[in-house]
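As structure tokens, the structure follows; a few thoughts come after it.
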Amino acid sequence: MDLCSRRLVGWAVADHMCVDLVLDALHAAERTRGSLAGAIFHGDHGAQGGFNWSSQHPDLGCVRRGDGGLE
Numbered sequence: 002m003d004l005c006s007r008r009l010v011g012w013a014v015a016d017h018m019c020v021d022l023v024l025d026a027l028h029a030a031e032r033t034r035g036s037l038a039g040a041i042f043h044g045d046h047g048a049q050g051g052f053n054w055s056s057q058h059p060d061l062g063c064v065r066r067g068d069g070g071l072e
């Protein structure tokens, strides 16, 4: 969300948490704003259920749960 204009500038939805999902949201924001220069990004970690993440999702080069960074 652009806090100055209060416009939603970029978002994406998918059935996975791979890097492509993040890139889709960033590309959408870039199309809306025209440029990402000076932008500050925040992610809310999505809405994962209470299942055992590591046993159900082998490392396939996707974003994993953590402190907000890429692991």
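Counting from 2, one number per residue, gives the positions in the sequence shown under my numbering. Glycine included, C-beta positions come from ideal geometry on N, C-alpha and C. Owing to the predicted nature of the structure, the values given are computational and were not obtained by experimental measurement.
Inset, instruction - Put D3 into one of helix, strand or coil per three-state DSSP. - result: strand
Legend entry - Delimiting residues of the alpha helix (DSSP H) encompassing R32: V20 to R34
Legend entry - Contact check, A30 vs L37, beta carbons under 8 Å: yes
Legend entry - Beta carbon of R34 nearer than 8 Å to that of V14: no
Legend entry - Straight-line Cα distance separating M18 from C5: 29 Å
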